[in-house]
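Adding 97 to a residue's 1-based position in the sequence shown gives its number in this note's numbering. Here is the structure we will look at, set down as structure tokens.
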Amino acid sequence: MSEPQHARKATLDAYVTRQAATVGRAPVTEDVATIGPVGPFKGATGAASLGIIDDFSESYLGKGPGSVTFAHDGRSLYFGRDDGKLRRLALPAGTLLWEQSESEYGRGILCVAVSPDGKRIAYARKSGDVRIADAETGKTLREIKGGNAFFELSFSKDGQFLAMGGQGGTRLLHLATMAETALAAGHWTMSYSIAFAPEAPILAEGATGGKLRLWNMPSGLRAEHQHHRGDIHGVAWSPEGHRLATASEDKDVILCGLDPKDPILRLTGHTGLVFCVAWSPEGRRIASGSADRTIRIWDAHTGLPLARYEFPEDFAYRLAFSPDGVLLASTHPCTARIWNTQATLKAVAPAPRLLSAGPLAADLDPLPGALVALLRVNRSAPLSLLRDLLALTAGRPSSPEAQRLARHPGTSALAALRWPPQARIALVLLLLRDYEDASFAPPTDTSAAEIRFALIDALAGGASEPDAPPLPLAYLEHALDVVDDRLLVLLGSLGPEACADDPTLPLVMLGRLAQLAPRIALDRRLLALRVPAQSLGAAEARGPWLEPSGFSSSGHLLQLVPSQWALPDDLRQYRALAGGLLYRARFGREPPRLRPLVLVLDVSPTAFGPVEAMLRQAAHALAASLLDVGLPAYFIAAGGNNEARAIAHRADLFEVLTARAREPVHTGQTLALAAELCASLPMHGPLEPTIVLLSHPSFGEEDLDVPAPKDLAGFFVHYPGHPREPAWQRRCKRAVCLGPDDEGLLAAALGQVLA
């Protein structure tokens, strides 16, 4: 490490040490054991490249790439070369430990695999022969003669089977008896890649046609996936065995679950055939190698690219991570390279020291994220202040000083939200939006991610005497004074999930509070309302497929339950006199069914006043219900220019509560825009997208000649004391009209609109 790097690290360590001390933690000082610096070797191509660890001259069959895998201890790797040599190379210097060399025809090695116990190594040659050798010495233990070349080998978890995939399909070798069987005769003639699951007897097989098949051992086919448009050349399991990564000639990498119906994550960016894919040991990264002369590292959860490594050879053929997830080995024509992926590991994984020390205490766990969020809005504060505010917003003051703040009405209102710790970080940012303690400002040359991981390390240390500055009580009391109904409406609309994902969201939306409708703040409890998917709707059951429900001891003869006619006549007469017969009390009604919607909300002056709050909260409930289940929706603020926007994020819901127009609604233009947007929405199963008009009964009474959209539903709120039939009610397929004080009927009414 250079002198500037040492100075930079010392500054960062001093900062996180001081922050950890405010909450009574002393950082651990010992370093994590490593095998020492690896490389650089010759041919390094960039900052992450450690160079060529081994190479060989062009073979007589061309520039073959060979295969590579790491030993289980991470201190050596096996490289099967196309010139017929199998080598074990020691790290960190790349020293040759042993070598096996063959000279017969077809000597090139196509694939190498290590057994689960690390004691055996299997490798396949171009001639079709497969050999099993001692991993420590390289001495051949068994040899299987074959006719077709195998491209991939994989040991089962229990070490009893060796799967071999290649030109003749996939074959299973029972290592105890050496019995060999075809996995699925007649299915495929080519298997490019195979892999046993790490924790279950499941074999993944990828081959021609873009099909991925999962086989239960020994029962047979489990599932078949068809996500790629070209042959699959690489398959890798996640460490826990719940997901797979596949690489294809269609230039994409796909992450999928075990069930073909599970959602997939498609990683795009390669411009050439993707030969290989590898999952990192900690399960948070994917590496892929392509014929576009790049290796790419991806975030396994988000699919976002983390790094791009370039090399001069024509392609990368095989990839392997070291057991600690830091090193990545790759094979290329006549070459094996090694890469340092530590920068990508830091971007996605917890600090190494925390992995060995165990999880942080419950009161410390959210602090690194809270501090990073505060730094991103250009504010700084001691960690002790963040901890106290997180505790206060949960209704649990953590220090004697904080007891004074616990009695403040603003504190009680925030605690009543009952948000989880990660969401309460957003509440802390709200309270500290005008606070700055320059003495706790971070080093200027460090990123937020570096601070976060260094702080995790520091908080994982032992307990110490807290060294916390006093709470800024006067500032916090002033900050709590501004927690009013309008702010609580904003928080209720955004919800804890969105605020946990982006703690700065309430700050961004804070300037919109003045635009809230006057009565919304009084009725903020209704912002949690959702369409009751299991309640009864308004459409009476029609047809024999919907059975009547509910029984009564009295009723019309035609409502008698059919089973009562099976009784003997005298018994039925007796029960009739005694009131013991069963009659149908009601007919079943279809529950409301969510589908894509276009919400047309009247925000013109004619809807201002008592009607406004009910209309907006109904629109909010419909939009939030769709957002919760991932259905598409549009919102049109009807009036004036008819502003329209897609409901794609929680922040979009706040538009429903604040949008206003100073001009009247132009009925024809508004409904034409709604029909156009509705036509652009996709179908949701058998349910067609619907337009929901939310207005007052006088809406469009002078425009009854305007064509009504194909599927129009209406939700109307009449003026206080003036109930009447809405002018457009008969032009809606389903319509409901409530009064402005009928909050208790709102949920059922929305169900009726969507039934």
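For each residue, glycine too, the CB sits at the ideal point set by N, CA and C.
Q. Residue range of the beta strand (DSSP E) that Q661 falls in?
A. Per DSSP, Q661 lies in no beta strand (DSSP E) segment and is marked neither H nor E.
Q: Can you tell me which of the three DSSP states M287 falls into?
A: Coil, per DSSP.
(Q) Please state whether the Cβ-Cβ distance between F796 and A715 is less than 9 Å. (A) Contact flag unset, no.
Q.
Given this structure, state the Cα-to-Cα distance separating E760 from G307, to the nearest angstrom.
A. Their Cα atoms are separated by approximately 56 Å.
Q | Distance between L109 and S99 (C-alpha atoms, nearest Å) | A | A caution first: S99 carries a pLDDT of 47, below 50, which makes its placement in the model too unreliable to give a value.
(Q) Do S495 and D534 count as a contact pair if the criterion is CB distance below 9 Å? (A) Not in contact: D534 and S495 (Cβ atoms no closer than 9 Å).
Q: Starting from H429, follow its DSSP beta bridges and name the residues at the other end.
A: Looking at the DSSP assignment, H429 forms a beta bridge with T432.
Q. Does the separation of the CB atoms of P465 and I548 fall below 9 Å?
A. Judged by beta-carbon spacing, I548 lies within the 9 Å limit of P465, meaning their Cβ atoms are closer than that value.
Q. On the three-state DSSP scale, how would you describe T508?
A. Residue state, collapsed to three classes: helix.
Q | Secondary structure of E594, DSSP reduced to three states | A | The answer is helix: DSSP assigns E594 an H, G or I state.
Q: Enumerate in chain order the residues of its own chain whose CB-to-CB distance from S164 is below 8 Å, with the five nearest sequence positions on each side excluded.
A: When the five nearest sequence neighbours on each side are left out, the beta carbons in the same chain lying within less than 8 Å of the beta carbon of S164 are those of F176, G177, I206, L207, C208, V209, Y220, Y414, R415, T428, in order along the chain.
Q: Since I believe L768 is in contact with V860 (beta carbons under 8 Å), could you give me their beta-carbon distance rounded to a whole number of angstroms?
A: Coverage of the chain is limited to positions 98 through 852, which leaves residue 860 absent and any answer about it impossible.
Q) Going by C-alpha distance, which of A459, L604, A557 is nearest S475? A) The question names Ser, but residue 475 in the sequence shown is Asn. A check of alpha carbon separations from N475 across A459, L604, A557 identifies L604 as the nearest.
Q.
I need the boundaries of the alpha helix (DSSP H) containing L843, first residue and last residue.
A. Residues 843-851.
Q | Identified DSSP bridge partners for I206 | A | DSSP lists R222 as partners of I206.
Q | Nearest candidate by alpha-carbon position, reference V211, set R185, Q197, S251 | A | V211 has its Cα closest to that of S251, out of R185, Q197, S251.
Q. With C-beta atoms as the reference, is G590 less than 9 Å away from L719?
A. The question names Gly, but residue 590 in the sequence shown is Ser. Between S590 and L719, the C-beta spacing is not below 9 Å.
Q) Could you check where the alpha helix (DSSP H) with S481 kicks off and where it finishes? A) Unbroken alpha helix (DSSP H) run through S481: 480-489.
Q: Just the C-alpha distance for V789 and D808, rounded to the nearest angstrom, thanks.
A: Distance between the alpha carbons of V789 and D808: 9 Å.
Q.
Which same chain residues end up closer than 7 Å to G263 when comparing Cβ atoms and leaving out the 5 residues on each side of it in sequence?
A. If you ignore the 5 residues before and after G263, its C-beta comes within less than 7 Å of the C-beta of N245, A246, F247, F248, S288, all in its own chain and listed in chain order.
Q. The beta strand (DSSP E) with A175 in it runs from where to where?
A. The sequence shown places Tyr at residue 175, rather than the Ala named in the question. From DSSP, the beta strand (DSSP E) with Y175 extends over 173-177.
Q: Please report the Cβ distance between L147 and I435, rounded to the nearest whole angstrom; I am assuming they are in contact, meaning their Cβ atoms lie under 8 Å.
A: Between L147 and I435 the beta-carbon gap is near 5 Å, inside 8 Å, which marks them as a contact.
(Q) My output table needs one value for V227: the three-state DSSP class, helix, strand or coil. (A) Reduced to three states, the DSSP call for V227 is strand.
**Q.** Given P479 as reference, the closest of L272, I291, L529 once Cα atoms are compared
**A.** It is L529 whose Cα lies nearest to the Cα of P479.
Q. Would you call the CB atoms of D396 and A444 closer than 9 Å?
A. Less than 9 Å separates the beta-carbon of D396 from that of A444.
Q: Leaving out five residues on either side along the sequence, give the residues of the same chain with a beta carbon under 8 Å from the beta carbon of G380.
A: If you ignore the 5 residues before and after G380, its C-beta comes within less than 8 Å of the C-beta of S335, P336, E337, A397, all in its own chain and listed in chain order.
Q. When DSSP builds the beta bridges, which residues end up paired with K182?
A. DSSP output for K182 lists S198 as bridge partner(s).
Q) How many Å lie between H717 and L801 at the Cα? A) Approximately 28 Å, taken between the alpha carbons.
(Q) Considering only their Cβ atoms, is the gap separating H324 from I351 smaller than 9 Å? (A) Yes.
(Q) Tell me the rounded alpha-carbon separation between T368 and G331. (A) Here the C-alpha atom of T368 lies approximately 16 Å from the C-alpha atom of G331.
**Q.** Nearest residue (CA-CA) to E410, options R393, P430, F418
**A.** Here the closest residue by C-alpha is P430.
Q: Determine, using beta carbons only, whether A735 and V708 come nearer to each other than 9 Å.
A: Remark: C-beta atoms of A735 and V708 do not approach each other more closely than 9 Å.
Q) Would you call V726 buried or exposed, if buried means 16 or more other Cβ atoms sit within 10 Å of its Cβ? A) Burial check for V726: the Cβ neighbour count within 10 Å stays below 16, so the residue is exposed.
Q. Are the beta-carbon atoms of D349 and V371 separated by less than 9 Å?
A. In terms of Cβ geometry, D349 and V371 form a close pair [threshold 9 Å].
Q) Nearest to G161 by alpha carbon, out of R204, Q656, Q197? A) Of the listed residues, the one whose Cα sits closest to G161 is R204.
Q. R828 to D699, Cα distance in whole Å?
A. Each residue's Cα considered, the two are about 17 Å apart.
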